[in-house]
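Visitor: Sharing a structure with you now.
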Amino acid sequence: MIRLSAFADEISPDLNEQIAVLKSENIHAIDLRAVDHINVLDLSDQQVQNIKRTLTEAGIAVAAIGSPIGKVPIDSSFEDHLVRFDRSVAVAKALDTRYIRIFSFYPPAQAGTGDSDPATYRDQVISNLQEMTRRARAAGVRLIHENEKAIYGDTIARNVDLLKTINDEYFRSVFDPANYLQCDQTPYPDAYEATLPWLEYVHVKDVRADGSMAVAGEGESDWPAILQRLRSDGYNGYIALEPHLANSGQYQGFSGPELFRRASQALQTILRNMDWSYA
1 MIRLSAFADE ISPDLNEQIA VLKSENIHAI DLRAVDHINV LDLSDQQVQN
51 IKRTLTEAGI AVAAIGSPIG KVPIDSSFED HLVRFDRSVA VAKALDTRYI
101 RIFSFYPPAQ AGTGDSDPAT YRDQVISNLQ EMTRRARAAG VRLIHENEKA
151 IYGDTIARNV DLLKTINDEY FRSVFDPANY LQCDQTPYPD AYEATLPWLE
201 YVHVKDVRAD GSMAVAGEGE SDWPAILQRL RSDGYNGYIA LEPHLANSGQ
251 YQGFSGPELF RRASQALQTI LRNMDWSYA
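Here the sequence shown stands for residues 1 to 279, where the numbers follow UniProt numbering.
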(Lines of atoms letter the chains of each structure in order from A and count residues from 1; the text may use other names and numbers.)
(Lines give C-alpha, C1' and ligand atoms only; values in the text may rest on other atoms or scores of the structure.)
Protein backbone atom coordinates (compact mmCIF):
# COMPACT_ATOMS: atom_id res chain seq x y z
CA MET A 1 0.00 0.00 0.00
CA ILE A 2 1.30 3.46 -0.84
CA ARG A 3 1.76 6.03 1.90
CA LEU A 4 1.17 9.76 1.66
CA SER A 5 3.68 12.24 3.01
CA ALA A 6 4.26 15.97 2.62
CA PHE A 7 6.85 18.70 2.79
CA ALA A 8 4.85 20.25 5.60
CA ASP A 9 6.88 23.43 5.79
CA GLU A 10 4.86 24.31 2.67
CA ILE A 11 1.91 24.67 5.05
CA SER A 12 3.49 26.85 7.72
CA PRO A 13 6.81 27.31 9.50
CA ASP A 14 5.01 26.36 12.75
CA LEU A 15 5.18 22.64 13.51
CA ASN A 16 1.84 22.57 15.32
CA GLU A 17 0.08 24.11 12.33
CA GLN A 18 1.84 21.68 10.02
CA ILE A 19 0.56 18.79 12.14
CA ALA A 20 -2.99 20.17 12.34
CA VAL A 21 -3.30 20.48 8.57
CA LEU A 22 -1.68 17.09 7.92
CA LYS A 23 -4.12 15.42 10.31
CA SER A 24 -7.07 17.23 8.73
CA GLU A 25 -5.95 15.83 5.37
CA ASN A 26 -5.44 12.31 6.75
CA ILE A 27 -1.69 12.42 6.01
CA HIS A 28 0.41 10.57 8.56
CA ALA A 29 3.99 11.20 7.43
CA ILE A 30 6.25 14.17 6.81
CA ASP A 31 9.27 14.97 4.67
CA LEU A 32 11.03 17.13 7.23
CA ARG A 33 12.72 20.10 5.55
CA ALA A 34 12.31 23.02 7.96
CA VAL A 35 10.62 24.09 11.19
CA ASP A 36 10.36 27.71 12.34
CA HIS A 37 12.33 28.73 9.24
CA ILE A 38 15.27 26.57 10.40
CA ASN A 39 16.56 24.03 7.90
CA VAL A 40 16.45 20.47 9.17
CA LEU A 41 20.24 20.22 9.17
CA ASP A 42 20.59 23.37 11.26
CA LEU A 43 18.32 22.20 14.06
CA SER A 44 20.05 21.45 17.35
CA ASP A 45 19.99 17.95 18.81
CA GLN A 46 17.47 19.13 21.38
CA GLN A 47 15.24 20.63 18.71
CA VAL A 48 15.38 17.39 16.74
CA GLN A 49 14.39 15.43 19.85
CA ASN A 50 11.52 17.81 20.57
CA ILE A 51 10.25 17.60 16.99
CA LYS A 52 10.47 13.81 17.05
CA ARG A 53 8.50 13.65 20.29
CA THR A 54 5.82 16.05 19.03
CA LEU A 55 5.41 14.15 15.76
CA THR A 56 5.26 10.78 17.51
CA GLU A 57 2.59 12.03 19.91
CA ALA A 58 0.59 13.22 16.89
CA GLY A 59 0.92 9.87 15.12
CA ILE A 60 3.07 11.27 12.31
CA ALA A 61 6.15 9.44 11.03
CA VAL A 62 9.16 11.04 9.35
CA ALA A 63 9.20 9.63 5.83
CA ALA A 64 12.39 11.40 4.75
CA ILE A 65 14.82 14.17 5.56
CA GLY A 66 14.30 16.90 2.96
CA SER A 67 17.95 17.91 3.05
CA PRO A 68 19.73 20.43 0.81
CA ILE A 69 22.71 18.11 0.40
CA GLY A 70 24.19 18.47 -3.08
CA LYS A 71 22.76 21.95 -3.61
CA VAL A 72 26.17 23.58 -3.74
CA PRO A 73 28.57 24.25 -6.64
CA ILE A 74 30.63 21.20 -7.51
CA ASP A 75 33.87 23.16 -6.96
CA SER A 76 32.99 24.17 -3.40
CA SER A 77 34.73 22.42 -0.50
CA PHE A 78 33.60 18.83 -0.47
CA GLU A 79 35.19 18.27 2.95
CA ASP A 80 32.97 20.99 4.38
CA HIS A 81 29.95 19.54 2.62
CA LEU A 82 30.69 16.09 4.02
CA VAL A 83 30.41 17.56 7.52
CA ARG A 84 26.91 18.70 6.58
CA PHE A 85 26.19 15.34 5.00
CA ASP A 86 27.22 13.52 8.16
CA ARG A 87 24.81 15.77 10.06
CA SER A 88 22.02 14.69 7.72
CA VAL A 89 22.76 11.06 8.56
CA ALA A 90 22.69 11.78 12.29
CA VAL A 91 19.38 13.62 11.98
CA ALA A 92 17.86 10.83 9.89
CA LYS A 93 18.86 8.26 12.52
CA ALA A 94 17.47 10.43 15.32
CA LEU A 95 14.15 10.76 13.49
CA ASP A 96 13.92 7.07 12.59
CA THR A 97 13.81 7.55 8.85
CA ARG A 98 15.70 5.54 6.25
CA TYR A 99 15.65 8.26 3.55
CA ILE A 100 17.68 11.41 2.92
CA ARG A 101 16.72 13.49 -0.12
CA ILE A 102 19.80 14.81 -1.94
CA PHE A 103 20.83 16.57 -5.15
CA SER A 104 23.74 16.21 -7.57
CA PHE A 105 25.52 19.57 -7.35
CA TYR A 106 25.40 22.80 -9.32
CA PRO A 107 27.91 23.68 -12.03
CA PRO A 108 31.19 25.24 -10.88
CA ALA A 109 30.72 28.57 -9.14
CA GLN A 110 32.74 30.41 -11.74
CA ALA A 111 30.39 29.13 -14.45
CA GLY A 112 27.68 31.48 -13.30
CA THR A 113 24.16 30.16 -13.84
CA GLY A 114 24.79 26.72 -15.24
CA ASP A 115 26.26 27.49 -18.68
CA SER A 116 29.31 25.19 -18.38
CA ASP A 117 29.43 21.78 -20.03
CA PRO A 118 28.26 19.15 -17.49
CA ALA A 119 30.70 16.66 -18.99
CA THR A 120 33.58 18.69 -17.56
CA TYR A 121 32.52 18.08 -13.96
CA ARG A 122 30.74 14.73 -14.29
CA ASP A 123 33.55 12.71 -12.73
CA GLN A 124 33.69 14.94 -9.66
CA VAL A 125 29.91 14.72 -9.20
CA ILE A 126 30.08 10.94 -9.33
CA SER A 127 33.07 10.79 -6.98
CA ASN A 128 31.25 12.97 -4.44
CA LEU A 129 28.05 10.95 -4.66
CA GLN A 130 29.94 7.66 -4.35
CA GLU A 131 31.57 8.82 -1.13
CA MET A 132 28.22 9.93 0.28
CA THR A 133 26.67 6.63 -0.77
CA ARG A 134 29.46 4.73 0.97
CA ARG A 135 28.74 6.63 4.19
CA ALA A 136 24.99 6.13 3.80
CA ARG A 137 25.46 2.39 3.34
CA ALA A 138 27.59 2.21 6.48
CA ALA A 139 24.86 4.03 8.43
CA GLY A 140 21.99 2.03 6.96
CA VAL A 141 20.21 5.00 5.36
CA ARG A 142 19.27 5.49 1.71
CA LEU A 143 19.98 8.52 -0.43
CA ILE A 144 17.16 9.49 -2.78
CA HIS A 145 18.27 11.76 -5.60
CA GLU A 146 15.89 14.47 -6.78
CA ASN A 147 16.06 15.55 -10.42
CA GLU A 148 15.90 19.29 -9.76
CA LYS A 149 16.53 21.90 -12.45
CA ALA A 150 20.11 23.19 -12.80
CA ILE A 151 21.85 20.38 -10.92
CA TYR A 152 23.94 17.79 -12.78
CA GLY A 153 21.22 15.14 -12.78
CA ASP A 154 18.35 17.32 -13.96
CA THR A 155 17.87 15.70 -17.37
CA ILE A 156 16.83 12.13 -18.04
CA ALA A 157 20.16 11.18 -19.61
CA ARG A 158 22.34 12.61 -16.84
CA ASN A 159 20.11 11.22 -14.10
CA VAL A 160 20.32 7.76 -15.65
CA ASP A 161 24.10 8.21 -15.99
CA LEU A 162 24.36 8.79 -12.23
CA LEU A 163 22.08 5.91 -11.32
CA LYS A 164 23.77 3.44 -13.65
CA THR A 165 27.30 4.47 -12.71
CA ILE A 166 26.78 4.46 -8.94
CA ASN A 167 24.48 1.41 -9.15
CA ASP A 168 23.94 1.00 -5.41
CA GLU A 169 20.83 0.15 -3.42
CA TYR A 170 21.70 3.05 -1.10
CA PHE A 171 21.54 5.57 -3.96
CA ARG A 172 18.08 5.64 -5.47
CA SER A 173 15.84 7.88 -7.53
CA VAL A 174 13.07 10.33 -6.72
CA PHE A 175 10.56 10.64 -9.56
CA ASP A 176 9.52 14.30 -9.79
CA PRO A 177 7.61 14.88 -13.04
CA ALA A 178 7.25 18.66 -12.63
CA ASN A 179 11.02 19.04 -12.31
CA TYR A 180 11.50 17.20 -15.60
CA LEU A 181 8.98 19.48 -17.29
CA GLN A 182 10.91 22.51 -16.06
CA CYS A 183 13.95 21.09 -17.87
CA ASP A 184 12.01 20.50 -21.12
CA GLN A 185 12.03 16.75 -20.52
CA THR A 186 9.05 14.41 -20.95
CA PRO A 187 8.27 12.93 -17.51
CA TYR A 188 5.92 10.20 -18.65
CA PRO A 189 6.60 7.84 -20.21
CA ASP A 190 10.18 8.88 -21.05
CA ALA A 191 11.68 9.76 -17.64
CA TYR A 192 9.57 7.18 -15.83
CA GLU A 193 10.67 4.32 -18.08
CA ALA A 194 14.32 5.38 -18.03
CA THR A 195 14.61 5.64 -14.23
CA LEU A 196 12.19 2.87 -13.23
CA PRO A 197 14.93 0.37 -12.19
CA TRP A 198 16.01 2.80 -9.45
CA LEU A 199 12.68 4.41 -8.52
CA GLU A 200 12.28 4.64 -4.75
CA TYR A 201 10.25 7.77 -4.02
CA VAL A 202 7.71 10.08 -5.68
CA HIS A 203 7.24 13.86 -5.33
CA VAL A 204 3.89 15.34 -6.33
CA LYS A 205 3.65 18.77 -7.85
CA ASP A 206 2.49 19.85 -11.28
CA VAL A 207 3.31 22.62 -13.73
CA ARG A 208 1.25 24.22 -16.49
CA ALA A 209 2.49 24.91 -20.02
CA ASP A 210 3.10 28.55 -19.05
CA GLY A 211 5.43 27.46 -16.23
CA SER A 212 3.08 28.21 -13.32
CA MET A 213 2.63 25.60 -10.61
CA ALA A 214 -0.62 23.62 -10.38
CA VAL A 215 -2.23 20.91 -8.30
CA ALA A 216 -1.85 17.34 -9.55
CA GLY A 217 -4.01 16.79 -12.61
CA GLU A 218 -4.20 20.45 -13.66
CA GLY A 219 -0.77 20.68 -15.24
CA GLU A 220 1.26 18.89 -17.90
CA SER A 221 2.56 15.98 -15.81
CA ASP A 222 -0.31 13.55 -16.57
CA TRP A 223 -0.64 12.45 -12.97
CA PRO A 224 -3.59 10.07 -13.56
CA ALA A 225 -1.51 8.08 -16.06
CA ILE A 226 1.58 8.17 -13.83
CA LEU A 227 -0.34 6.91 -10.80
CA GLN A 228 -1.99 4.16 -12.83
CA ARG A 229 1.43 3.06 -14.05
CA LEU A 230 2.92 3.18 -10.55
CA ARG A 231 0.15 0.91 -9.33
CA SER A 232 0.50 -1.52 -12.22
CA ASP A 233 4.24 -1.68 -11.54
CA GLY A 234 3.60 -2.53 -7.88
CA TYR A 235 4.91 0.68 -6.34
CA ASN A 236 4.32 0.65 -2.57
CA GLY A 237 6.46 3.50 -1.27
CA TYR A 238 5.87 7.10 -0.29
CA ILE A 239 4.13 9.68 -2.44
CA ALA A 240 5.07 13.08 -1.04
CA LEU A 241 3.25 16.34 -1.71
CA GLU A 242 5.53 19.28 -2.55
CA PRO A 243 3.11 21.62 -4.35
CA HIS A 244 4.98 24.99 -4.41
CA LEU A 245 1.69 26.78 -5.15
CA ALA A 246 2.45 30.16 -3.58
CA ASN A 247 6.22 30.33 -3.99
CA SER A 248 8.95 28.20 -5.52
CA GLY A 249 12.39 29.09 -4.19
CA GLN A 250 15.83 27.60 -4.62
CA TYR A 251 15.80 25.85 -1.26
CA GLN A 252 12.16 25.77 -0.21
CA GLY A 253 8.68 26.16 -1.72
CA PHE A 254 5.57 27.42 0.03
CA SER A 255 1.83 26.97 -0.42
CA GLY A 256 0.10 27.97 2.82
CA PRO A 257 -2.65 25.95 4.53
CA GLU A 258 -5.48 26.50 2.05
CA LEU A 259 -3.47 25.95 -1.12
CA PHE A 260 -1.84 22.92 0.47
CA ARG A 261 -5.29 21.49 1.19
CA ARG A 262 -6.22 22.02 -2.46
CA ALA A 263 -3.11 20.12 -3.55
CA SER A 264 -3.78 17.31 -1.07
CA GLN A 265 -7.40 16.95 -2.09
CA ALA A 266 -6.54 16.95 -5.79
CA LEU A 267 -4.09 14.08 -5.31
CA GLN A 268 -6.40 12.12 -3.03
CA THR A 269 -9.31 12.57 -5.47
CA ILE A 270 -7.24 10.99 -8.24
CA LEU A 271 -6.30 8.10 -5.95
CA ARG A 272 -9.91 7.54 -4.88
CA ASN A 273 -11.18 7.70 -8.47
CA MET A 274 -8.76 4.94 -9.45
CA ASP A 275 -9.62 2.99 -6.28
CA TRP A 276 -6.00 2.85 -5.09
CA SER A 277 -5.86 2.43 -1.34
CA TYR A 278 -3.38 4.56 0.59
CA ALA A 279 -2.38 5.23 4.17
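In this text, a Cβ means the ideal position worked out from N, Cα and C, and glycines have one as well.
Quick caveat: nothing in here was measured; it's all calculated off a predicted structure.
So if DSSP puts Pro73 in a beta bridge, which residue, or which two residues, is it bridged to?
Guide: Tyr106
Visitor: Quick check: Val21 and Pro257, are their CB atoms within less than 7 angstroms of each other?
Guide: yes
Visitor: To the nearest whole angstrom, what separates the beta carbons of His37 and Pro68, a pair I think is in contact under 8 angstroms?
Guide: Actually they do not touch by this definition, with Cβ atoms about 14 angstroms apart.
Visitor: In the DSSP output, what is residue 331 paired with across the bridge?
Guide: Here the chain covers residues 1 to 279 and nothing more, so residue 331 does not appear.
Visitor: Tell me the start and end of each unbroken alpha helix (DSSP H) in the segment 125-175 that is at least 4 residues and wholly inside, in chain order.
Guide: 156-166
Visitor: Just to confirm, are Glu148 and Phe85 a CB contact at a threshold of 7 angstroms?
Guide: no
Visitor: Please report how far the alpha carbon of Pro107 lies from the alpha carbon of Thr133, in whole angstroms.
Guide: 20 angstroms
Visitor: Pick out the complete beta strand (DSSP E) segments inside the segment 169-248, 3 residues or longer, and give them in chain order.
Guide: 171-175, 199-204, 238-241
Visitor: Grab the span of the alpha helix (DSSP H) containing Glu53 for me, first residue to last.
Guide: Reading off the sequence, residue 53 comes out as Arg, not Glu. From DSSP, the alpha helix (DSSP H) with Arg53 extends over 45-57.
Visitor: Can you check DSSP and say which residues form a bridge with Gly256?
Guide: Gly256 is not bridged to any residue.
Visitor: Going by the CB atoms, is the gap between Leu259 and Ala216 shorter than 7 angstroms?
Guide: no
Visitor: What are the residues that DSSP puts in a beta bridge with Val35?
Guide: Ile38
Visitor: Using a Cβ distance threshold of 8 angstroms, determine whether the segment 166-173 contacts the segment 136-148, with at least three qualifying pairs required.
Guide: Here the segment 166-173 makes contact with the segment 136-148; the two share three or more CB pairs at distances below 8 angstroms.
Visitor: Among Ile11, Asn16, Val204, whose alpha-carbon lies nearest the alpha-carbon of Thr54?
Guide: Asn16
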